[in-house]
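Visitor: Quick one: the structure is below, and I'll ask about it shortly.
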Amino acid sequence: MFADSPLGSGDDRTSDVSEGRAYLLHQASVKEASDPAARAVDSSRLLERLASMPNLAQALLNVARNQGAPGVDGQSVQEVVSSAHVLLPKLQCALLTGTYQPGDMCIEQVNRYLRGWIGYFRLCTEEGRYFFHKFDAHIRRRLRAILLRQKKRPRHVFRHLVSRDVPERMAAGTAFCRRGLWNRSNRPGIQRAYPNAWFAERLVSLQDRWSAFNAPPERASFKQQLLFE
Numbered sequence: 169m170f171a172d173s174p175l176g177s178g179d180d181r182t183s184d185v186s187e188g189r190a191y192l193l194h195q196a197s198v199k200e201a202s203d204p205a206a207r208a209v210d211s212s213r214l215l216e217r218l219a220s221m222p223n224l225a226q227a228l229l230n231v232a233r234n235q236g237a238p239g240v241d242g243q244s245v246q247e248v249v250s251s252a253h254v255l256l257p258k259l260q261c262a263l264l265t266g267t268y269q270p271g272d273m274c275i276e277q278v279n280r281y282l283r284g285w286i287g288y289f290r291l292c293t294e295e296g297r298y299f300f301h302k303f304d305a306h307i308r309r310r311l312r313a314i315l316l317r318q319k320k321r322p323r324h325v326f327r328h329l330v331s332r333d334v335p336e337r338m339a340a341g342t343a344f345c346r347r348g349l350w351n352r353s354n355r356p357g358i359q360r361a362y363p364n365a366w367f368a369e370r371l372v373s374l375q376d377r378w379s380a381f382n383a384p385p386e387r388a389s390f391k392q393q394l395l396f397e
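Here is the structure:
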C-alpha cells in the first residue's frame, strides 16, 4: 500500500539506519588482543587504542542509545549512524594523523554558503564592499563562539586554550567568565587561540573574494598605447 504513495513511507531511511547500526554492532564486537604481552606492548600506544574502530563504534552506539542531540553541523544521530561505514574510517584516520579539528566540518559548511553568497553579490559597487570586512569579523566571532560551546565545561575550555599557547591568566579570564557565550567569544583568550590568521587559512573571506572577482584591469604598457595612436 505504501509503495504506491508518491511520498514514500520512509523505509529507505529506516533501512539505512538499520544497516548502519548493524555495522556498528559488528565493529564493536571485535575483540582486542587478550594476550598480556600484547597489551603491555600496546599500553604505550594509548591513542591507537582510543581511536580503534571497536572503541569508536561503541561510543557512537552509546550516543544513539542515549538519543543525543544533533551536533553543530545539524546532522542528527540517525544520519550519522546511517553513514557510519563512511564516517568512522575518516574519523579514525584524522585522529591518528593528528589532522582532526572539531570545527573544520562546521567551517567547511560555512565556506560552502559563503562561496554561493559572494558569487551572487559580487556585482555590488565599490562602496558596498566595505561592509564585507564587518561581515567577516562577525562570522569569525560566531565561529569562536561555536568552538567555545564545543568544549562545554569551563575547565575544558581552560585546558584547550592553554594547549594553544594562551597564558593561563588570559585563558582563565575567558574560560571562567560568567558572561554569556557571545561575550566570551570576543575575549583576548579565545582571540589569541584562534587569531584572524588561523581563520585566513580555513575560512572564505568575503572581502578577499570580492576583490578577486573585481580585480582592476591591468594598465596598458607604453608600447600597447602606441598601437592606438
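Sequential numbering of the sequence shown, starting at 169, is according to my numbering. Every residue gets a Cβ at the ideal spot worked out from N, C-alpha and C, and that includes glycine.
Given a threshold of 16 other Cβ atoms within 10 Å of its Cβ, counted over all protein chains shown, does T342 qualify as buried or as exposed?
Guide: Within the sequence shown, residue 342 is the residue found at index 174, counting from 1. Its Cβ being crowded by 16 or more others within 10 Å, T342 is buried.
Visitor: At the level of alpha carbons, what is the spacing between A232 and A368?
Guide: On the sequence shown, residue 232 is found 64 positions in, with the first residue counted as 1. On the sequence shown, residue 368 is found 200 positions in, with the first residue counted as 1. Distance between the alpha carbons of A232 and A368: 35 Å.
Visitor: In terms of residues, what are the limits of the alpha helix (DSSP H) holding E247?
Guide: In the sequence shown, counting from the first residue as 1, residue 247 sits at position 79. Going by DSSP, E247 is part of the alpha helix (DSSP H) stretching over 245 to 250.
Visitor: Note down the Cα distance separating M338 from H328, rounded to an integer number of angstroms.
Guide: Your numbering for residue 338 matches position 170 in the sequence shown. Your numbering for residue 328 matches position 160 in the sequence shown. Whole-angstrom Cα-Cα distance: 12 Å.
Visitor: Excluding the five sequence neighbours on either side, which residues of its own chain have a C-beta within less than 6 Å of the C-beta of F303, listed in chain order?
Guide: As a working mapping, residue 303 is identified with position 135 in the sequence shown. Cβ neighbours of F303 beyond the five flanking positions: L374.
Visitor: Can you give me the Cβ contacts of I358 inside the same chain, cut-off strictly under 8 Å, excluding the 5 residues immediately before and after it?
Guide: Taking the sequence shown and counting its residues from 1, one reaches residue 358 at position 190. If we look at I358 and ignore the five residues flanking it on each side, its Cβ neighbours are R312, L315, L316, L329, T342, R352.
Visitor: Of all the options S250, Y298, Q195, which has the alpha carbon lying nearest to the alpha carbon of S186?
Guide: Here residue 186 corresponds to residue number 18 of the sequence shown, with the count starting at 1. Ranking the options by Cα distance to S186, first place goes to S250.
Visitor: For T333, which three-state DSSP category applies?
Guide: For the purposes of this step, residue 333 is taken as the residue at position 165 of the sequence shown. Sequence inspection shows Asp at residue 333; the Thr mentioned does not correspond to that position. D333 falls in the coil class under three-state DSSP.
Visitor: Using only CA atoms, which one of G296, A190, T265, V334 lies nearest to A252?
Guide: Position 84 of the sequence shown, counting from 1, holds the residue named residue 252. Nearest C-alpha to A252: A190.
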